[in-house]
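Per my numbering, residue 18 is the first one in the sequence shown, and the count goes up by one each step.
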Amino acid sequence: AAEAPRDIEHTDLGSCLAEVEALIRCAWESHIRLQVRVGSDLPAAKCDRLGLQNAILNLVFNARDAMPDGGSISIDAAMAGHGHAALIEVRVADSGIGMTQETMARAFDPFFTTKCPGLGGIGLPMVKHFAEQHDGSVEIDSAIGAGTTVILRLPAAPAQADSFR
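Set out below in structure tokens:
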């Protein structure tokens, strides 16, 4: 069944990530450091705000789970590309245990999990679905013992002057 067309929101990454950060810090473990950086003059992303927040929370909680003894998580949002192909990259990086090549190859498979059975397997597929639904993409860069970075790319909204044409 096709989803009904809807108006694509323009989401301000700065305020969106500030809300995510506030939510995370309310229930955060002290042995995990969190850093959020948003590039200056970042345009809005063409995506659903709540969907983006949900995707980022999924990535942050996966990162937390990969660091049972603590560590650091960073969330960075910056421009990638210019003009009509302009993308906003949101990178969620952790200093955790990392993933094998085999795990990375299956990370977006529904219900695939390295956690206890019944405790996962839908977070990354949901993030991938969100990205693709908004003409974006997601990829994982990881190595055992060297942490994991998940890169979420979303189209940048046109400058305000362009949106009235």
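In this text, a Cβ means the ideal position worked out from N, Cα and C, and glycines have one as well.
Problem set entry | Boundaries of the beta strand (DSSP E) in which Ser89 is found, first to last residue | Element bounds for Ser89: 88-97.
For this session: Take the Cβ of Asp179 as the centre, count every other Cβ of all protein chains shown within 10 Å, and call the residue buried at 16 or more, exposed below.
Result: Any reading at Asp179 is ruled out, since the residue's pLDDT is 43, under 50, leaving its predicted position unreliable.
For this session: Run the CB neighbour count on Pro22, radius 10 Å, all protein chains shown included, and call it buried at 16 or more, exposed below.
Result: For Pro22, the pLDDT reaches just 48, beneath the cut-off of 50, and the residue's location in the model is therefore unreliable, although a value from the coordinates is still provided. Per the 10 Å Cβ criterion, exposed.
Exercise. With DSSP run on the structure shown, which of helix, strand or coil describes Thr120?
Worked result: In the three-state scheme derived from DSSP, where H, G and I count as helix and E and B as strand, Thr120 is classed as helix.
Exercise. Quick one: is Asp111 near chain C, going by C-beta distance under 8 Å?
Worked result: Among the chains of the structure shown, chain C does not appear; only one protein chain is present.
Exercise. Under a Cβ-count criterion, where at least 16 other Cβ atoms within 10 Å of its own Cβ denotes burial, should Ser32 be classed as buried or exposed?
Worked result: Ser32 comes out exposed.
For this session: Please go through the segment 37-92 and give each complete beta strand (DSSP E) segment of 3 or more residues, from N-terminal end onward.
Result: Segments of the beta strand (DSSP E) lying fully in the segment 37-92: 49-55.
Exercise. In whole angstroms, what is the alpha-carbon distance linking Pro175 and Ala97?
Worked result: Their backbone Cα atoms lie some 14 Å apart in a straight line.
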